[in-house]
Each structure stands twice: as structure tokens, then as C-alpha cells.
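Protein chains in written order, with the numbering used here: chain W, 12 to 198; chain E, 12 to 198. Cβ atoms here follow ideal geometry from the backbone N, Cα and C, with glycine treated the same way. All values derive from a computational prediction rather than experimental measurement. Notes follow the structure.
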């Protein structure tokens, strides 16, 4: 129970419920849970190219020859990459920074995989899409990267910020509405 | 209570609570509520230019000489106009369509104030911003208007659709992520 309660979102009561569940299930099922936990720590590591989580290095995306190797989409974390992959829209490569610039939390450029991104640029990269989060840290990181990438002859783009699709103008917050007006696109 | 219960979002229990509240307050307060209801029905009407709700025709926005009279922002309803006004970003004029195209609900172009919009264009309009809702009906209406506006020599723009400001990439829905990637902007 003490071990389970260390996990995020699991308080003492849930830990107790989980512990009793583990006691109740057949030994084999409990052991396969233990094995999965061992496995993930042994096998899953970071891709040495894009810093995505992977069992094999380089990761499946970096290895995939059918993907557009001239485009890199820069994201903060591996789960952002997963969210983008689920859209089935993007066919280029990724680069996971491992976070965003946040001086208050003591996270500076050296704590992110920025040098590794710059090292990848000479490999025929034509476009870098900055897909850091649309919040303060993400925007600051995007601006910092734009400045760094300026000397290179590549197109640097930022994912669109605006009204979420399927929503209602009336319920959008003011910052989003302001951005949607500023970034309006010609039809 | 029967009259109160006719209002949206007010069920029989709330109607009862409101009725007892009205019985309890001083006569003057109750009468001023009644007067306000009478007033709004007598005084508030549609602006004959932009179809915003107003007490005076033309409305305060259409009358305001300090606003940019070369830009019209097209919205579905008057509450969308209010949302945009709250951002304090937009200084042009508006045009309220009175809804969006919706064949299933029997709402066609003739049910919206589209002819009146076209009539306003010769008055030195340089840009029409289509700010209909980012949902199916709103997008269809924007596409229809773009087609109608093409013969005129004016710039037609659409409010940006993309990631809401302050949010997290991971929590964006797939349609919004797809749009954010497609509409990425050069930095």
C-alpha cells in the first residue's frame, strides 16, 4: 500500500483498494503486472535522435523511411507527440524538448534538448514546426527557438492558436478571441 | 410561477423560489423589475445597419466615428458581438447575421441578414472578417459568404482556428490539433 500510494493521483484509500485487488487476483496476473513494471524500466528509454520514448533506438518514427524527413515538429513532452500522432495528419519527424523554458522553476535552455535539435538541422531539414504548448512557458520557448533558428536557412512555423474547432465563439476566453482576430487568415 | 417557468433554464422549483422572492421584496423593487421587462420590449430593437441589439437606431457602434469604418466583422448573434467587444481588440464595425446556415433546421441564406451585408460593401469597406462560430454551421456560412464576396474587391478573412491560448497541446481534441497544424503560421 505504501508503494502504491507513492503514485500520482493515488491516495491512501485508493492504494488500499488496489492492494486488496492485487491480493485477490490469481498469482499469474499479479506477476505479469510486476513484470510489466520491470520491463518498462528496463526496456523503455529515450530515442537518441528525437528523445521520444522508445524500446528501440532510434525510435519507430525516426526509423520510418516513409515519413517526411525534411520537417521536424518540436514538442515539449512525449505525450504531446502522441497527441499529434493520433491526428494522423502529420507525416514528418519530431523532436521532444523534455519540457519548456521556465525560469521560475529553474528550467533554462541547457535543461532542454535544444543543442540536439540544432545538430539535426544540417540533415536536410527544411521546416521546423514549433508545437510547444500555447501557454506562457510554451510561447517563451517558441520565441527562444525562433531566435536560435533564425541564422539557419529553414522555414520556422508555429502551430495556429485560435478558436477550438467545434466550439462556440461566445464561450471562448478573451485571450483566445484576441488571438483568433489577430491571426485571422485570408480566405 | 407559470409565467416564470416559461423562461429557459427555469423549472417549476426555481419558478416557485423566484415567485416567493418577488412576494417578499418591497413593492418598489418588484415594480422596477416589471418596468425593466416592459422597457426592454419597448425600447430594444435591431440596428437597421448591423442588426445588433440597440435602444437607438443606428446602434452605438455604428454611430461611433472613432471606429474603423472600413472593416466589418460578421458574427452569427449579438452575444458573439458582445464577446468580441469585451476583448477591446477590435475597432471596426460589425454585422450580425441572425444565425448560421443550417439546412436541417430549415435556415437558408434568405433567413439571414446577408443581402443587408452586401448592401454595406460599397460604403468603402476594405475587409470583411468572417467570425461565425468554428462549428459545422458556422464554417458552412463562412464558406458561403466567401463565395458571395469574391466578386467584390475586398479582403475576406476568417478568424483563426487552432489551440486555445493558455491551454495544453495534450488536451486539445484531434480536430483542433489537425487545424492547428494545417494553419501553422510562419514566425
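Exercise. Rounded to a whole number of angstroms, what is the C-alpha to C-alpha distance between residue 139(W) and residue 132(W)?
Worked result: The sequence position of residue 139(W) within the first chain is 128, counting from 1. The sequence position of residue 132(W) within the first chain is 121, counting from 1. Roughly 9 Å separates the two Cα atoms.
Problem set entry | Cβ of residue 173(E) within 8 Å of any chain W Cβ | Here residue 173(E) is taken as the residue at index 162 of the second chain, counted from 1. With 8 Å as the cut-off, residue 173(E) counts as an interface residue toward chain W.
For this session: Report yes or no: is there a C-beta of chain E within less than 8 Å of the C-beta of residue 159(W)?
Result: In the first chain, the residue the question calls residue 159(W) occupies position 148. By this cut-off, residue 159(W) is not an interface position.
Problem set entry | DSSP-derived helix/strand/coil call for residue 105(W) | Residue numbering aside, residue 105(W) sits at position 94 when the first chain is read from its first letter. Residue 105(W): strand per DSSP, three-state reduction.
Exercise. Around the C-beta of residue 196(E), are 16 or more other C-beta atoms found within 10 angstroms, so that it is buried, or is it exposed?
Worked result: Within the second chain, numbered from 1, the residue matching residue 196(E) stands at position 185. So residue 196(E) ends up on the exposed side.
For this session: Would you please verify whether the beta carbon of residue 145(W) is less than 8 Å from any beta carbon of chain E?
Result: As a first step, residue 145(W) is located in the first chain; it is residue number 134 there, counting from the start. Output row for residue 145(W): interface = yes.
For this session: Taking all protein chains shown into account, decide if residue 32(W) is buried (16 or more other Cβ within 10 angstroms of its Cβ) or exposed.
Result: Within the first chain, the letter at position 21 stands for residue 32(W). So residue 32(W) ends up on the exposed side.
For this session: Could you name the residues of the segment 113-125 of chain E whose beta carbon sits closer than 7 Å to any beta carbon of chain W, in the order they occur along the chain?
Result: none
Exercise. Under 9 Å Cβ-Cβ, which residues of chain E neighbour residue 136(W)?
Worked result: What you label residue 136(W) is simply residue 125 of the first chain in a count that begins at 1. Within 9 Å Cβ-Cβ: nothing; residue 136(W) doesn't reach chain E, min ~15 Å.
Exercise. DSSP on residue 79(E), reduced to helix/strand/coil?
Worked result: Stepping through the second chain from its first residue, residue 79(E) is reached at position 68. DSSP places residue 79(E) in the strand class (E or B) of the three-state scheme.
Exercise. Can you tell me the Cα-Cα spacing of residue 13(E) and residue 21(E), whole angstroms?
Worked result: In the second chain, counting from the first residue as 1, residue 13(E) sits at position 2. In the second chain, counting from the first residue as 1, residue 21(E) sits at position 10. Computed Cα separation, rounded: 10 Å.
Exercise. Under 8 Å, do residue 145(W) and residue 37(E) count as touching if we go by C-beta distance?
Worked result: Numbered from 1 along the first chain, position 134 holds the residue referred to as residue 145(W). Numbered from 1 along the second chain, position 26 holds the residue referred to as residue 37(E). It is not a contact, given that the beta carbons lie outside the stated cut-off.
For this session: Please confirm whether residue 78(E) and residue 68(E) have their CB atoms less than 8 Å apart.
Result: Locating residue 78(E) in the second chain gives position 67, counting from the first residue. Locating residue 68(E) in the second chain gives position 57, counting from the first residue. Contact: no.
Exercise. How about residue 168(E): is its C-beta nearer than 8 Å to some C-beta of chain W?
Worked result: By one-based count along the second chain, residue 168(E) stands at place 157. It does; some Cβ of chain W falls within 8 Å.
Exercise. If the cut is a Cβ gap below 8 Å, which residues of chain E does residue 82(W) touch?
Worked result: As a working mapping, residue 82(W) is identified with position 71 in the first chain. None at all; the shortest Cβ gap to chain E is about 11 Å.
For this session: Check the Cβ-Cβ distances between residue 22(W) and every residue of chain E, and say whether any is below 8 Å.
Result: As a position in the first chain, residue 22(W) is number 11, starting the count at 1. No, because no Cβ of chain E sits closer than 8 Å to the Cβ of residue 22(W).
Problem set entry | Proximal chain W residues relative to residue 181(E), where beta-carbon distance stays under 7 Å | By one-based count along the second chain, residue 181(E) stands at place 170. Near residue 181(E) (Cβ distances below 7 Å), the residues of chain W are 90, 91 and 94.
Exercise. Residue 75(W) touches chain E at which residues, Cβ-Cβ below 9 Å?
Worked result: Within the first chain, residue 75(W) is the residue found at index 64, counting from 1. Simply none; closest approach about 18 Å.
Exercise. Should residue 105(E) be labelled buried (16 or more other beta-carbon atoms within 10 Å of its own) or exposed?
Worked result: Here residue 105(E) refers to the residue found at position 94 when the second chain is read from its first residue. The residue in question, residue 105(E), is buried, as its Cβ has 16 or more Cβ neighbours within 10 Å.
Exercise. What does residue 79(W) touch in chain E if you count any residue whose Cβ is under 8 Å from its own?
Worked result: As a first step, residue 79(W) is located in the first chain; it is residue number 68 there, counting from the start. Result: empty, since nearest Cβ-Cβ is about 13 Å, beyond 8 Å.
Exercise. Per DSSP, what kind of secondary structure is residue 197(E) in: helix, strand or coil?
Worked result: By 1-based counting over the second chain, the position of residue 197(E) is 186. Secondary structure of residue 197(E) (DSSP, three-state): strand.
Problem set entry | Neighbour flag for residue 111(E) against chain W, beta carbons, 8 Å | Taking the first residue of the second chain as position 1, residue 111(E) is located at position 100. Judged by the 8 Å Cβ criterion, residue 111(E) is not in contact with chain W.
Exercise. Along the chain, where does the beta strand (DSSP E) that runs through residue 166(W) open and close?
Worked result: Taking the first residue of the first chain as 1, we reach residue 166(W) at position 155. First-last of the beta strand (DSSP E) with residue 166(W): 166-169.
Exercise. Residue 188(E) and residue 143(W): beta carbons closer than 8 Å?
Worked result: Against the second chain, residue 188(E) aligns to sequence position 177. Against the first chain, residue 143(W) aligns to sequence position 132. No. Outside cutoff.
Exercise. Hey, is residue 56(W) close to the ligand GTP, as in C-beta under 7 Å from one of its heavy atoms?
Worked result: Here there are no bound small molecules, and the ligand GTP is not part of this structure.
Problem set entry | Minimum Cβ-Cβ distance from residue 28(E) to chain W less than 8 Å | Counting from one through the second chain, the residue named residue 28(E) turns up at place 17. Put simply, the CB of residue 28(E) is far from chain W, with every gap to its CB atoms at 8 Å or more.
Exercise. Along chain W, in chain order, which residues have C-beta atoms closer than 7 Å to that of residue 188(E)?
Worked result: Numbered from 1 along the second chain, position 177 holds the residue referred to as residue 188(E). 94, 95 and 98, listed in chain order.
For this session: Using 10 angstroms around the beta-carbon of residue 180(W), count the other beta-carbons present and answer buried if the total reaches 16, otherwise exposed.
Result: For the purposes of this step, residue 180(W) is taken as residue 169 along the first chain, with counting starting at 1. Classification for residue 180(W): buried.
Exercise. When the distance is taken between beta carbons, is residue 198(E) closer than 8 Å to residue 167(W)?
Worked result: Working through the first chain from its first residue, we reach residue 167(W) at position 156. Working through the second chain from its first residue, we reach residue 198(E) at position 187. Their beta carbons are under 8 Å apart, which means residue 167(W) touches residue 198(E) by this criterion.
Exercise. Taking Cβ to Cβ, would you say residue 76(E) is nearer than 8 Å to residue 137(E)?
Worked result: For the purposes of this step, residue 76(E) is identified with residue 65 of the second chain, where counting begins at 1. For the purposes of this step, residue 137(E) is identified with residue 126 of the second chain, where counting begins at 1. Contact flag unset, no.
For this session: Give the DSSP bridge partners of residue 84(W), in chain order.
Result: On the first chain, position 73 is the one that residue 84(W) refers to. Bridge partners of residue 84(W): 105(W) and 140(W).
Problem set entry | Beta-carbon proximity of residue 101(W) to residue 93(W), cut-off 8 Å | Within the first chain, residue 101(W) is the residue found at index 90, counting from 1. Within the first chain, residue 93(W) is the residue found at index 82, counting from 1. Cβ distance not < 8 Å, so residue 101(W) and residue 93(W) don't count as in contact.
For this session: Name the one or two DSSP bridge partners that residue 64(E) has.
Result: Residue 64(E) sits at position 53 when you count from the first residue of the second chain. BP columns for residue 64(E) point to 57(E).
For this session: Establish whether the CB of residue 191(E) and some CB of chain W are separated by less than 8 Å.
Result: Position 180 of the second chain holds residue 191(E). Residue 191(E) counts as touching chain W.
For this session: Report yes if the C-beta distance between residue 157(W) and residue 171(E) is below 8 Å; otherwise report no.
Result: Working through the first chain from its first residue, we reach residue 157(W) at position 146. Working through the second chain from its first residue, we reach residue 171(E) at position 160. Against a cut-off of 8 Å, the Cβ pair of residue 171(E) and residue 157(W) comes out as no contact.
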